[in-house]
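Peer 1: Below are the structure tokens for one structure; questions will follow.
Structural data, given as structure tokens:
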């Protein structure tokens, strides 16, 4: 029986999201999340036994442990958005230890944050919850503002402080994307040599991706291709924003397309838009985790639950929920993380 709390939170969106059945890629074509997800998805790949062990540790911890789904708390906004803008709503998080405490109390599989926070707390927590080091950032202290992901530390340092995985962002479509792809591919190769997993934030950024008042940064044809490049450089998990529309390649008039991308392999339903993204992650063999998005206020819980339902029913493996949780009072943040996890624990919410 469906979790009544989830249905209530979804409100008038419940019918559309919980009962929708996709007619694009069938669910039988997808590698579905299972308790044996690491064996089934990475077991025949070139990943070493040490990488397999690290990924299994990631999938085994927390409330979603051993389900094939994951819930990650990411907090790198102290660099990306300035510490003041990120932590003023809840100043306790200026102390990075509280970030780790929120992930643990919230039942997350792992905490993904900066070198500084994880290094500061390494000996106290690295053996208690899986660490994911975000190795590059967009620092916003230049003027005029520029947008570029640069390395903030080494893969070796991430290994030394006890991380099971590293995460990185590429701004696909940006002027700097060629360099970022090469840097991150090299970093991921070394992380695999050291036995760590790899997670890629596959973001798109180009002012020309906006056309006649419509923003196509999260158009599924463009952002799914970013995912496909991400799995090509051997990311073990792909993190992407939920798609919002389709037809970006056609509207901006670049790239390569096929009519069936729009007529047969997707629709305007959010589950289908996201399933096209899962398909571009080797049909789900590399897991897709979607972003929880920015904090908006009263609508945060509903938006987070909607995103979780869409991700799960499309064939994704989880949610990476940050600002919506840590910009709330601690207990409220824990409750939000737990509520999102309930979506993945509910066996009546299946693939569309």
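In my numbering, the protein residues as written are 7 to 358. Backbone N, C-alpha and C fix where the C-beta goes; we use that ideal spot for every residue, glycine too. For clarity, every value in this text was computed on a predicted model and none was experimentally measured.
#1: With DSSP as the reference, label residue 317 as helix, strand or coil.
#2: Within 10 angstroms of the Cβ of residue 293, are there 16 or more other Cβ atoms? Answer buried if so, exposed if not.
#3: Can you look up residue 246 in the DSSP assignment and give me helix, strand or coil?
#4: Going by DSSP, name the residue or residues bridged to residue 297.
#5: Assess contact between the region 264 to 273 and the region 306 to 316, defined as three or more Cβ pairs (one per stretch) separated by less than 8 Å. Is contact present?
#6: If you reduce the DSSP assignment to three classes, tell me which class residue 110 lands in.
#7: Could you pull out every residue in the same chain whose Cβ sits closer than 7 Å to the Cβ of residue 279, ignoring the five residues on either side in sequence?
#8: Taking only the alpha-carbon atoms, compute the straight-line gap between residue 238 and residue 108 and give it to the nearest angstrom.
#9: Check whether the region 159 to 167 touches the region 124 to 139, counting contact only when three or more Cβ pairs, one atom from each stretch, lie closer than 8 Å.
#10: Could you give the uninterrupted runs of the beta strand (DSSP E) lying entirely in the region 83 to 158, keeping only those of 3 residues or more?
#11: Which residues in the same chain have their Cβ closer than 6 Å to the Cβ of residue 39, if we skip the five residues on either side of it in sequence?
#12: Around the C-beta of residue 342, are 16 or more other C-beta atoms found within 10 angstroms, so that it is buried, or is it exposed?
#13: By DSSP's criteria, residue 209 is part of a beta bridge. Which residues make up the other side?
#14: Could you check which residue in 126, 85, 90 and 87 has the C-alpha nearest to that of residue 104?
#15: If we call anything under 8 Å between Cβ atoms a contact, is residue 190 one with residue 176?
#16: Could you pull the start and end residues of the beta strand (DSSP E) that residue 81 belongs to?
#17: Quick check on DSSP: helix, strand or coil for residue 304?
#18: May I ask you to report which of helix, strand or coil DSSP gives residue 170?
#19: Tell me the residue span of the alpha helix (DSSP H) that contains residue 256.
#20: Please look up how many angstroms separate the CB atoms of residue 284 and residue 36, rounded, as I've assumed it's under 8 Å.
#21: Tell me the residue span of the alpha helix (DSSP H) that contains residue 196.
#22: Could you give the residue range of the alpha helix (DSSP H) that holds residue 231?
Peer 2: By the coordinates alone:
#1: Start at 1 with the first residue of the chain shown, and residue 317 comes out as number 311. Looking at residue 317 - three-state DSSP - the assignment turns out to be helix.
#2: Sequence index remark: in the chain shown, residue 293 carries index 287 (1-based). Buried, since its Cβ has 16 or more Cβ neighbours within 10 Å.
#3: Indexing the chain shown from 1 puts residue 246 at position 240. Correct three-state label for residue 246: strand.
#4: As a working mapping, residue 297 is identified with position 291 in the chain shown. Answer is 326.
#5: no
#6: Position 104 of the chain shown, counting from 1, holds the residue named residue 110. Residue state, collapsed to three classes: helix.
#7: Counting from 1 along the chain shown, the entry for residue 279 is found at position 273. For residue 279, where only same-chain residues beyond five positions count, the Cβ hits under 7 Å are 226, 249, 252 and 272.
#8: In the chain shown, the residue the question calls residue 238 occupies position 232. In the chain shown, the residue the question calls residue 108 occupies position 102. Spanning the two alpha carbons is a distance of roughly 33 Å.
#9: yes
#10: 116 to 119 and 137 to 140
#11: Along the chain shown, one-based indexing puts residue 39 at 33. For residue 39, where only same-chain residues beyond five positions count, the Cβ hits under 6 Å are 74, 75 and 323.
#12: Locating residue 342 in the chain shown gives position 336, counting from the first residue. With 16 or more Cβ atoms within 10 Å of its Cβ, residue 342 is classed as buried.
#13: Position 203 of the chain shown holds residue 209. In the DSSP output, where bridge partners are listed per residue, residue 209 has 177.
#14: Translated into the one-based positions of the chain shown, residue 104 becomes position 98. Measuring from the Cα of residue 104, the nearest candidate turns out to be 126.
#15: Along the chain shown, one-based indexing puts residue 190 at 184. Along the chain shown, one-based indexing puts residue 176 at 170. It is a contact, given that the beta carbons lie within the stated cut-off.
#16: On the chain shown, residue 81 is found 75 positions in, with the first residue counted as 1. Here the beta strand (DSSP E) through residue 81 covers 76 to 81.
#17: By 1-based counting over the chain shown, the position of residue 304 is 298. Reduced to three states, the DSSP call for residue 304 is coil.
#18: Within the chain shown, residue 170 is the residue found at index 164, counting from 1. DSSP places residue 170 in coil when its eight states are reduced to three.
#19: If you number the chain shown from 1, residue 256 lands on position 250. Taken as a continuous stretch (DSSP letters only), the alpha helix (DSSP H) holding residue 256 covers 254 to 258.
#20: Residue 284 sits at position 278 when you count from the first residue of the chain shown. Residue 36 sits at position 30 when you count from the first residue of the chain shown. Right, the Cβ-Cβ distance comes to about 6 Å (below 8 Å), so this counts as a contact.
#21: Here residue 196 refers to the residue found at position 190 of the chain shown. It spans 183 to 199 - the alpha helix (DSSP H) in which residue 196 sits, taken as one unbroken run.
#22: In the chain shown, the residue the question calls residue 231 occupies position 225. Run containing residue 231: 226 to 238, per the alpha helix (DSSP H) assignment.
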